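Heads up, the sequence shown is in the working numbering, so the first residue is 24 and it goes up one at a time.
Reviewing the structure listed below.
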Amino acid sequence: MSRVRALNRAEHATLRFDRTVVGASQRIVQIGLSELALAAADMPLCLAKDANTGRFNLVALVGLVEPINLFVHDRRFHATYCPRALQLSAFRLDQNGVAGLAVAEDDPAIGASGDALFHDGEPSPLLTGVAAALETLVTDIGAARDLVDGYAANHLVRPLDLVLQGDDGRDHAIEGLYTIGKEALMRLPDADVVRLHRSGALASAALLTASLAQVERLCQLHNAAGRQPLRITRLSHDDGLSAF
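Written as structure tokens, this is what we have:
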């Protein structure tokens with residue numbers, strides 16, 4: 024559990040933020056709607072159900088069987104695109120904190136190196152930029168939820184059947200992820216398809232399903248790190264099983 028506290032001068036005056044550092048323990052990261060095409064160039068994109076609301080979130084899969092971000096090496100993120108939630112994981116919005124922020128004191132990007140959070144006791148311009156970036160991300164994640172709500176309303180969301188196998192013959196099922204059912208999409212009435220197309224949701228659905236090919240890249244990264252090799256044995260959606 025992260026130690027998240029409202030940002031204050033008394034306790035955080037000497038802290039610095041190294042924006043090049045990314046934590047390595049996250050396997051799934053939430054993304055906003057504007058990040059969909061960028062993230063799809065590197066990682067598989069899926070849907071995951073929010074345990075509190077039951078709504079589906081748009082997420083990027085950055086790890087497989089272990090709680091490890093496979094794109095992180097030497098505390099740096101090695102991919103074409105790094106999701107904004109990973110870039111900003113050291114901070115939260117908090118109206119009780121300086122600049123409207125809270126800080127995750129144990130985040131690897133927070134420490135003695137990088138840009139200072141305060142200069143002579145006053146908040147640095149960095150904090151204003153971080154707060155604005157977080158507000159933008161919150162709005163963007165909301166737009167992603169609205170997109171996925173539309174898929175759910177059209178009964179297009181299907182469980183993702185993803186199973187990997189190690190050299191020892193043991194199967195590893197990656198559970199709790201969802202995607203768009205291609206056959207369900209093809210069965211939609213023409214008017215609904217046109218509506219999804221004009222809203223941009225049809226193109227986004229195509230990106231989501233196409234990005235699943237990046238699971239193979241995750242396997243390559245996993246295997247290259249010297250872990251027990253994994254291979255994909257099943258990667259599909261069950262179009263006979265609705266998520267509702």
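Note that CB positions come from ideal geometry on N, CA and C, so glycine has one too.
Quantities reported herein were computed from a predicted structural model and do not represent experimental measurements.
Endpoints, the alpha helix (DSSP H) within which residue i is located
| i | result |
| --- | --- |
| P182 | That residue, P182, is in no alpha helix (DSSP H); its beta strand (DSSP E) goes V180 to G189. |
| Y104 | From DSSP, Y104 is part of no alpha helix (DSSP H); its letter is neither H nor E. |
| D172 | P148 to A176 |
| Q243 | V238 to A247 |
| A224 | A224 to S234 |
Length of the line joining the Cα atoms of residue i and residue j
| i | j | result |
| --- | --- | --- |
| K72 | Q237 | 21 Å |
| F267 | T43 | At F267, the pLDDT of 47 sits below 50, so the modelled position is not reliable and the matter cannot be decided from this model. |
| L87 | G144 | 43 Å |
| A29 | Q118 | 8 Å |
| R107 | V217 | 31 Å |
| N246 | M209 | 36 Å |
| A228 | S147 | 41 Å |
| R99 | D163 | 24 Å |
| L160 | G249 | 35 Å |
| D213 | N31 | 56 Å |
| Q243 | M66 | 12 Å |
| L18 | A226 | Since the first residue shown for the chain is 24 and the last is 267, residue 18 is missing from the structure and cannot be characterised. |
| G152 | R257 | 43 Å |
| T37 | A122 | 16 Å |
| V180 | H142 | 49 Å |
| L149 | A224 | 35 Å |
| A63 | S222 | 19 Å |
| A102 | L61 | 11 Å |
| D41 | C105 | 15 Å |
| A74 | G120 | 28 Å |
Residue of the options minimising C-alpha distance to residue i
| i | options | result |
| --- | --- | --- |
| F114 | R107, P106 and L124 | L124 |
| H96 | V180, V45, R28 and S222 | V45 |
| P90 | V52, R78 and N80 | V52 |
| R39 | I133, S147 and T162 | I133 |
| L26 | D130, T151 and R210 | The identity of residue 26 in the sequence shown is Arg, whereas the question assumes Leu. Comparing Cα positions, the closest option is D130. |
| T202 | H142, S259 and A102 | S259 |
| A47 | P212, L109 and T256 | L109 |
| T232 | N177, Q243 and L81 | L81 |
| R78 | A166, A247 and P212 | A166 |
| K205 | V121, H178 and A214 | H178 |
| A183 | S234, S57, G249 and A248 | The sequence given here has Leu at residue 183, not Ala. With distances taken between Cα atoms, L183 lies closest to S234. |
| A207 | A175, G223 and R221 | A175 |
| A127 | E34, G152 and T151 | E34 |
| Q49 | G120, N75 and V85 | V85 |
Whole-number beta carbon distance between residue j and residue i, since they are thought to touch under 8 Å
| i | j | result |
| --- | --- | --- |
| R254 | L187 | 7 Å |
| P252 | G189 | 7 Å |
| L93 | A83 | Rounded, the Cβ-Cβ distance is 12 Å, inconsistent with contact. |
| L230 | L59 | 6 Å |
Beta strand (DSSP E) segment containing residue i, residue limits
| i | result |
| --- | --- |
| A29 | V27 to A29 |
| R32 | Run containing R32: none in the beta strand (DSSP E); it sits in the alpha helix (DSSP H), R32 to H35. |
| L61 | Careful: L61 lies outside any beta strand (DSSP E), inside the alpha helix (DSSP H) at L59 to A63. |
| L68 | L68 to K72 |
| A207 | Premise fails: A207 lies in the alpha helix (DSSP H), K205 to M209, not in any beta strand (DSSP E). |
| A125 | L124 to A127 |
| T256 | L253 to H260 |
| I197 | D194 to I197 |
| R78 | R78 -> no beta strand (DSSP E), and no H or E assigned at all. |
| F94 | Premise fails: F94 is in no beta strand (DSSP E) and is neither H nor E. |
| V52 | I51 to Q53 |
| R115 | F114 to L116 |
Below-8 Å beta-carbon distance, residue i vs any chain D residue
| i | result |
| --- | --- |
| N177 | In the displayed structure, chain D is absent; only one protein chain is listed. |
Can we say the region 166-186 touches the region 136-143, given the rule of at least three CB pairs closer than 8 Å? By the Cβ test, the region 166-186 is not in contact with the region 136-143, since fewer than three Cβ pairs between them sit closer than 8 Å.
Would you call the region 155-168 in contact with the region 102-122, where contact means no fewer than 3 C-beta pairs closer than 8 Å? In this structure the region 155-168 touches the region 102-122; the number of beta carbon pairs closer than 8 Å is three or more.
Taking contact to mean at least 3 C-beta pairs separated by less than 8 Å, is the region 195-212 in contact with the region 231-247? Between the region 195-212 and the region 231-247 there are three or more C-beta pairs closer than 8 Å, enough to call the two in contact.
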